[in-house]
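Protein chains in written order, with the numbering used here: chain A, 120 to 433; chain B, 120 to 433; chain C, 120 to 433; chain D, 120 to 433; chain E, 120 to 433; chain F, 120 to 433. Backbone N, C-alpha and C fix where the C-beta goes; we use that ideal spot for every residue, glycine too. Given the structure is predicted, the values throughout are model-derived calculations rather than measurements. This report refers to the structure that appears directly beneath it.
Number of protein chains: 6
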Amino acid sequence: MKKGVLHFEVGEQIDLYLLVKSATKGIASNGKPFLTLILQDKSGDIEAKLWDVSQGDEERYIAQSIVRVLGDIHHYRGKNQLKIRKIREKEAHDPVTISDLLETAPLSEETMMDKITEAIFEMNNPNIQRITRHLMKKYQEPFLTYPAATKNHHEFVSGLAYHVVSMLELAKSIATLYPSLDKDLLYAGVILHDLGKVMELSGPISTTYTIKGNLIGHISIMVNEIEKAAEELGIDGEELIVLQHLVLSHHGKLEWGSPKQPIIKEAEILHYIDNIDAKMNMLDRALARTKPGEYTERIFAMDNRSFYKPTFHK
Amino acid sequence: MKKGVLHFEVGEQIDLYLLVKSATKGIASNGKPFLTLILQDKSGDIEAKLWDVSQGDEERYIAQSIVRVLGDIHHYRGKNQLKIRKIREKEAHDPVTISDLLETAPLSEETMMDKITEAIFEMNNPNIQRITRHLMKKYQEPFLTYPAATKNHHEFVSGLAYHVVSMLELAKSIATLYPSLDKDLLYAGVILHDLGKVMELSGPISTTYTIKGNLIGHISIMVNEIEKAAEELGIDGEELIVLQHLVLSHHGKLEWGSPKQPIIKEAEILHYIDNIDAKMNMLDRALARTKPGEYTERIFAMDNRSFYKPTFHK
Amino acid sequence: MKKGVLHFEVGEQIDLYLLVKSATKGIASNGKPFLTLILQDKSGDIEAKLWDVSQGDEERYIAQSIVRVLGDIHHYRGKNQLKIRKIREKEAHDPVTISDLLETAPLSEETMMDKITEAIFEMNNPNIQRITRHLMKKYQEPFLTYPAATKNHHEFVSGLAYHVVSMLELAKSIATLYPSLDKDLLYAGVILHDLGKVMELSGPISTTYTIKGNLIGHISIMVNEIEKAAEELGIDGEELIVLQHLVLSHHGKLEWGSPKQPIIKEAEILHYIDNIDAKMNMLDRALARTKPGEYTERIFAMDNRSFYKPTFHK
Amino acid sequence: MKKGVLHFEVGEQIDLYLLVKSATKGIASNGKPFLTLILQDKSGDIEAKLWDVSQGDEERYIAQSIVRVLGDIHHYRGKNQLKIRKIREKEAHDPVTISDLLETAPLSEETMMDKITEAIFEMNNPNIQRITRHLMKKYQEPFLTYPAATKNHHEFVSGLAYHVVSMLELAKSIATLYPSLDKDLLYAGVILHDLGKVMELSGPISTTYTIKGNLIGHISIMVNEIEKAAEELGIDGEELIVLQHLVLSHHGKLEWGSPKQPIIKEAEILHYIDNIDAKMNMLDRALARTKPGEYTERIFAMDNRSFYKPTFHK
Amino acid sequence: MKKGVLHFEVGEQIDLYLLVKSATKGIASNGKPFLTLILQDKSGDIEAKLWDVSQGDEERYIAQSIVRVLGDIHHYRGKNQLKIRKIREKEAHDPVTISDLLETAPLSEETMMDKITEAIFEMNNPNIQRITRHLMKKYQEPFLTYPAATKNHHEFVSGLAYHVVSMLELAKSIATLYPSLDKDLLYAGVILHDLGKVMELSGPISTTYTIKGNLIGHISIMVNEIEKAAEELGIDGEELIVLQHLVLSHHGKLEWGSPKQPIIKEAEILHYIDNIDAKMNMLDRALARTKPGEYTERIFAMDNRSFYKPTFHK
Amino acid sequence: MKKGVLHFEVGEQIDLYLLVKSATKGIASNGKPFLTLILQDKSGDIEAKLWDVSQGDEERYIAQSIVRVLGDIHHYRGKNQLKIRKIREKEAHDPVTISDLLETAPLSEETMMDKITEAIFEMNNPNIQRITRHLMKKYQEPFLTYPAATKNHHEFVSGLAYHVVSMLELAKSIATLYPSLDKDLLYAGVILHDLGKVMELSGPISTTYTIKGNLIGHISIMVNEIEKAAEELGIDGEELIVLQHLVLSHHGKLEWGSPKQPIIKEAEILHYIDNIDAKMNMLDRALARTKPGEYTERIFAMDNRSFYKPTFHK
């Protein structure tokens with residue numbers, strides 16, 4: 120893998136193509152505008168300031184544009200920052216495309232789809248299996264490219280599918296250890312629980328919430344979708360209600376956005392599996408930026424805790 | 120109106136047809152079974168104990184059966200109780216039917232339906248109007264007979280429709296005083312917000328929760344129904360999303376079962392209107408049993424408060 | 120109505136008399152002082168920065184001074200801001216007075232007083248009526264000019280009276296719909312509930328909290344006033360206690376500053392009416408600055424929610 | 120001291136005059152009424168059951184009546200209980216009066232009044248001193264006999280005065296250790312903080328809440344009284360506001376019934392002193408009934424904790 | 120397996136040896152004492168009432184005694200209850216011992232110890248390995264027989280070891296799926312986290328809390344033990360601190376009894392693993408007593424929820 | 120006492136040796152770095168900005184360095200600030216040492232140690248006395264110089280010992296007023312409760328948390344130490360458990376970091392004494408900077424309240 124912007128040490132100089140993740144205008148205390156740019160490549164993102172910007176700069180350096188930057192890495196308030204010496208827009212002949220700069224899941228779309236197909240194939244209950252297959256087919260395309268969230272965890276291209284696939288592996292292990300669990304329900308729950316995010320979120324890049332996302336939310340969106348799928352497929356058993364329950368209770372508590380707490384065993388376990396995979400992802404990303412003997416940045420979604428990396432961990 | 124069981128004073132004797140609302144078996148400390156009966160007529164309900172019951176009694180005096188009771192009203196722990204002297208099942212020739220004994224809304228089904236039809240008629244936005252009319256038509260029959268809840272407020276025959284009609288009146292007043300409110304949205308919200316209860320609850324008498332009610336809940340059930348109505352009617356505007364938002368946010372807070380807090384003005388106001396009408400109903404029913412200068416029983420759904428009836432109130 | 124500072128679009132130039140609502144000194148990172156001015160006229164207020172200020176500027180541009188400003192409206196972090204080109208103090212001959220620049224209630228003081236007098240006139244209970252009239256007379260003057268709060272809702276000249284008059288209208292409607300309500304109590308509660316604010320707050324302009332306001336609060340201040348009024352009028356019935364209860368419980372919950380929760384029906388309803396009118400005012404003001412299809416700023420006093428204005432709302 | 124009902128061991132027989140603290144009717148499962156009596160003398164109270172009671176018994180054995188009881192102490196669910204063999208009403212010639220049976224403070228009324236007078240005498244600020252002296256004089260009589268509460272702590276004759284005197288001692292010690300404290304304020308706060316209880320509670324025996332107590336509460340009652348005292352005495356300094364603040368903030372938090380949190384140092388310390396004395400009283404009373412190596416009953420007002428008495432404590 | 124008390128249906132007669140788990144005396148409303156017995160064998164426990172008991176009965180039928188009971192299973196308030204016809208104490212010649220009647224873990228002590236030894240053997244970090252082995256050896260005997268709790272989950276003989284072994288399996292799976300986890304730490308955390316329970320609890324049968332358990336708790340007890348183990352073994356690396364952190368943070372939140380929240384990744388995961396295994400155990404036991412299409416009893420330790428068993432589950 | 124940096128008024132010029140408490144780098148909006156210095160002497164600390172700093176400045180002006188500063192006191196956002204005109208490092212011949220500039224407890228180490236020795240000497244229970252003396256001796260040196268915290272209260276040299284000595288005085292008074300208290304336990308609890316801070320914190324100057332402090336915390340550290348002390352001294356009575364309980368419960372509630380709530384009377388009182396002394400210290404320090412008739416800064420550790428200093432307080 121090429122050396123990315125996060126692999127440089129303080130004091131080193133960089134000359135890289137980077138993607139503008141976001142650009143926020145500020146007014147400096149001398150009255151002149153400046154831009155706070157978040158620049159990213161596959162290795163992650165870094166903050167940079169561009170001082171004394173012109174009207175043209177403001178229009179040029181916007182979210183999703185690609186730039187070439189010459190600059191230095193320096194240290195500021197416990198984080199690396201990029202000091203820009205020179206910046207310009209990508210030109211036509213520059214050998215870089217947006218997908219070269221986006222962080223993506225470590226598994227290919229094909230591999231992930233295979234794993235999901237396999238899990239659906241393993242199901243014995245035809246009602247559960249048919250609803251799951253129907254919805255996966257209907258939303259396969261966005262499912263394979265959307266992130267799982269705008270921040271906090273799995274916030275990268277194909278993050279949603281990757282989150283689901285990791286959860287599936289975990290679900291398989293747990294179902295093996297506790298054979299009283301209904302594997303069909305658990306797999307279906309894992310595959311469908313966050314699928315509504317393909318309507319809640321705007322897309323794979325510079326992701327924001329849609330109006331529907333803000334007003335209805337991925338949980339209720341998906342409950343609607345299961346209802347419609349069952350209608351189209353002519354399914355009307357208790358499985359339909361239970362599947363909807365799994366989706367709508369997967370946040371675990373009312374105050375976390377589930378209109379009902381889990382009252383099906385597999386719904387309770389689904390919530391735990393979701394939680395473990397999300398938290399592992401947050402922790403791994405935070406600890407990857409931390410040296411042994413030091414603390415991570417505070418992680419907002421984990422009670423704002425700062426985790427310690429033991430010195431005996433490499 | 121005939122003198123009902125709640126109109127008798129302590130020390131008076133009664134001889135009435137009553138409906139068994141619930142019957143719970145207990146084992147007395149002498150090892151013999153007894154029944155705690157909740158008996159009701161249009162005036163309300165009263166507790167009675169039946170001691171030393173036989174197997175036959177247990178099978179005879181069950182929920183929804185009608186009985187003829189001779190007994191005395193006495194006072195026990197601040198409440199009236201019925202001391203049964205004689206009890207027997209309704210016989211074929213007895214001049215009483217279940218509807219003679221059920222508490223029902225003070226307005227007729229026709230009057231209530233007229234008021235709702237009128238509100239729908241007043242709507243200007245065709246998308247909102249058509250969805251509301253479609254769903255009201257689809258569920259008109261149970262809507263007009265179901266209670267609004269199993270306890271707490273409007274827990275009587277046609278309580279759901281009566282709650283909606285009272286809220287509509289309130290919505291009209293408020294929309295007049297604050298003309299910035301979108302009347303169409305507000306009326307539709309009022310009419311649809313609790314309509315899912317016709318699937319969440321079991322029916323107008325001895326009402327319990329259905330499995331679907333416990334696993335999905337009336338809020339999500341109704342969001343599903345709006346989605347399907349829009350599909351059938353070929354409606355796809357933002358009104359669809361906003362209407363669903365009104366229904367799913369009408370409990371006001373996540374911890375009260377709404378998966379989203381209101382973020383539409385009319386959704387916020389809908390929550391207030393729902394709250395006022397429910398609380399007025401609870402308070403009026405509790406205070407109706409209380410004399411001036413005394414306190415009501417504790418009202419569980421109002422922070423367990425006991426309200427005082429001033430001596431200058433008659 | 121003249122075109123106010125809030126009616127200008129981004130890019131337009133203004134030349135207006137404005138009132139300095141507040142002026143806060145900052146030190147720019149070049150070590151030089153600057154002022155953050157909040158400037159207002161009847162249309163609302165806008166932020167402006169004045170760079171490199173002299174000692175004289177600091178003394179000149181203070182709260183409640185009037186200035187003439189030449190400048191441009193530009194957009195900054197989702198809000199309009201004023202870029203000052205030229206600023207000077209109001210001079211003697213300038214055709215502007217402070218009341219030309221203050222936001223005031225949309226009803227005249229006379230109209231509002233008439234409505235309150237009418238409500239008092241309608242009361243039947245002489246004890247309630249006499250206490251209410253006595254206190255209204257005693258504090259009529261500040262009551263008609265004070266705001267209802269320093270921020271959040273009705274924070275303009277005569278905001279307190281306007282809030283009370285709106286609540287009175289709402290109380291009338293509700294008392295009509297629910298005839299079991301004691302209108303006398305409800306009206307008296309509406310009129311007196313916030314009257315203590317004329318001692319809690321400093322006055323109609325650049326309003327702050329008094330020491331008495333911070334240490335005792337408008338609720339306890341008013342309970343004291345009712346006690347003294349009753350003593351002066353020789354009233355000693357239960358109405359006195361109930362009126363005090365209405366005032367002291369009107370925040371609804373202990374954690375919101377009421378030393379007792381409502382346990383009188385009208386006290387409970389008073390709390391709801393207060394809440395609806397305050398929230399409608401917040402929402403209307405926030406949505407007035409928002410375009411259809413967009414979200415309001417976060418409203419701190421409403422759980423920090425950002426409300427959406429549907430595209431089908433004009 | 121005579122051997123009281125609490126000094127008897129399990130298995131011993133008693134023959135004592137006792138005061139009926141409360142009598143609650145129950146219906147046994149054989150349909151016959153019984154009474155649960157709480158019987159007390161100076162040593163404390165004990166529960167007793169009277170089975171198969173007649174109408175006459177119900178009217179005879181009511182709160183505040185004196186009875187002579189022959190019975191046995193036995194052990195039931197971790198508490199001593201009294202098994203009644205014979206019970207009769209006190210007759211005219213019986214050598215017992217109600218005050219022989221009531222638990223009272225361990226100090227005489229004179230001693231307590233002397234300590235309070237002394238503290239008032241020590242005050243230097245005339246405004247604080249005059250208000251305190253005026254109110255103490257006005258309510259001296261009930262102050263010296265009322266309990267401090269209906270349950271939880273100092274729930275005995277003269278409990279209110281005893282609580283205040285204990286707090287005064289504590290306040291003196293603390294003011295000596297932290298000389299920055301204003302002794303005048305602290306003493307006045309201690310003396311006045313609960314004085315409103317003489318209007319909140321019904322009296323020294325079988326104490327209940329008055330209507331005024333439930334609707335207004337001792338905190339607001341006392342704030343009113345301070346206001347009126349100042350008016351009568353012609354006092355209008357900031358001391359008036361600060362004294363009222365001490366009283367109204369002495370519960371420490373809004374959710375505990377104070378409409379304002381303390382923002383005067385002495386108000387904060389007053390809350391701590393009140394808390395320590397109340398909790399010491401609860402703990403001492405609970406531990407007095409507990410043997411070393413055992414646990415007290417759960418103490419509801421202390422988070423329902425059960426305290427352990429170490430074996431090395433006698 | 121022999122047919123146990125829980126395998127009988129309503130209406131069937133039993134004649135079984137049973138262990139008295141607990142016996143609580145009550146006084147019936149006719150004044151006569153009765154006993155509520157919880158009787159158990161390997162299949163689980165059932166409630167029974169013994170009426171009109173003599174002093175001898177009270178002394179005979181106490182916790183941990185073995186009885187022979189003839190009786191009928193009947194249904195009472197949604198649970199099976201045992202109606203005793205005849206009961207007598209176990210006599211010398213009766214062919215039954217206490218271990219025949221105790222519910223025990225489904226794995227033998229040897230098997231469980233082997234799995235733990237294997238996990239210790241797999242550890243690479245010598246400090247972690249030595250501390251874990253030392254403590255396991257020191258407390259192996261009680262560890263293999265104690266329950267994991269007095270109620271809620273794994274409350275049977277060898278429940279503690281079984282809980283640890285199940286968690287170890289889960290830890291292995293998770294460490295395989297998320298290879299960034301430090302297996303040594305995770306295994307050691309699993310093995311040690313609840314080991315303090317051998318001092319917090321009284322023993323394997325009729326388990327209660329010790330004084331040390333109530334005053335110090337198993338978490339702090341174990342932190343002490345790790346400290347002492349390290350001292351004896353001469354270990355002083357950061358592993359010591361981190362191991363103690365894993366134990367003391369394993370309840371996840373301060374309000375759940377951990378004096379520190381987890382800030383080591385493996386500590387966070389340990390908390391999840393503990394939670395999943397405890398909840399699976401609760402759910403499996405509750406659902407084992409529930410028929411498809413019905414709800415379990417409310418489970419106190421899971422927010423008092425009642426879980427539904429779908430009809431499509433056998 | 121010499122005139123310290125906090126004794127100068129706005130407008131005055133200073134020329135003082137000061138200690139750099141902390142130095143934080145910022146980037147000004149012109150892109151140039153600056154330092155925010157907190158400078159202190161015995162009188163307290165003040166903020167100062169140093170603009171346009173060089174690399175050398177950054178390395179020179181770091182925490183714990185001593186500087187000589189010429190500057191002016193000015194007022195900024197309600198606080199005094201120091202405007203630096205000239206600054207240089209302390210040179211060898213400058214007549215100033217670090218202890219001349221550090222705020223320290225108002226009592227000498229000898230006086231404080233004497234008071235503690237005296238309290239230990241007064242103890243009657245040999246187990247409690249020996250454990251306390253042993254630990255005090257072991258950690259006497261850091262105990263006498265460490266602060267009690269990094270911020271909030273007693274955050275100065277010897278703050279820990281001073282906090283303990285003040286608490287001891289308070290404990291003596293309270294034990295005299297409530298003679299049922301076990302003085303030995305209470306004194307030992309006071310002396311030991313925070314002793315773990317000598318391992319939780321880094322030292323007396325520029326104090327931070329150690330890794331052990333963050334992962335284990337002073338409470339669990341001290342429980343370990345008591346365990347080890349008892350082992351070394353061969354003590355094994357219940358006193359050992361109770362002493363550990365006092366230390367581990369002294370934060371009063373689980374959510375404040377105590378793994379057990381107090382269930383020993385002296386543990387409960389210890390928590391109150393700790394609280395009073397900490398809050399008095401916070402309040403006295405905040406009010407010392409506040410003029411009569413004004414409010415303190417918000418005090419974060421006291422619910423973010425701002426306290427009022429009455430005008431009748433000098």
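Linking D:Ala-386 to D:Lys-291 through their CA atoms gives a straight-line distance of about 15 Å. Minimum Cα-Cα distance from B:Leu-389 among the listed residues B:Met-421, B:Ala-349, B:Asp-303 and B:Phe-426 corresponds to B:Asp-303. The alpha-carbon of E:Glu-222 is positioned some 55 Å away from that of B:Val-283. According to DSSP, C:Gly-412 shares a beta bridge with no other residue. Secondary structure at E:Glu-166: strand, using DSSP grouped into helix, strand and coil. Secondary structure at B:Ser-141: strand, using DSSP grouped into helix, strand and coil.
The three-state secondary structure of E:Tyr-306, taken from DSSP, is helix. The way I'd put it, the region 255-262 of chain E does touch the region 302-322 of chain E; three or more beta-carbon pairs between them come closer than 8 Å. Shown here for E:Arg-424: same chain residues with a beta carbon closer than 8 Å to its own, the five before and five after excluded, namely Arg-417 and Ile-418 in chain order.
When secondary structure is reduced to three states using DSSP, C:Leu-279 falls in the helix class. Listed along chain A, no residue sits closer than 9 Å to F:Leu-189 by beta-carbon distance, the nearest being about 25 Å off. Residues of chain E with a Cβ closer than 9 Å to the Cβ of A:Asp-301 are, in chain order, Pro-429, Phe-431 and His-432. F:Ala-142 sits close to F:Ile-181, with the two beta carbons spaced by under 8 Å. Taking 8 Å as the CB threshold, A:Ser-292 lines the interface with chain E.
F:Asp-301 is the residue among F:Tyr-297, F:Lys-205, F:Asp-191 and F:Asp-301 whose C-alpha sits nearest the C-alpha of F:Glu-241. Among the CB atoms of chain E, none fall inside 8 Å of the CB of A:Glu-350.
D:Lys-331 belongs to the set of residues whose beta carbon lies under 8 Å from a beta carbon in chain C. Only buried fits D:Ser-339, as 16 or more other CB atoms lie within 10 angstroms of its CB.
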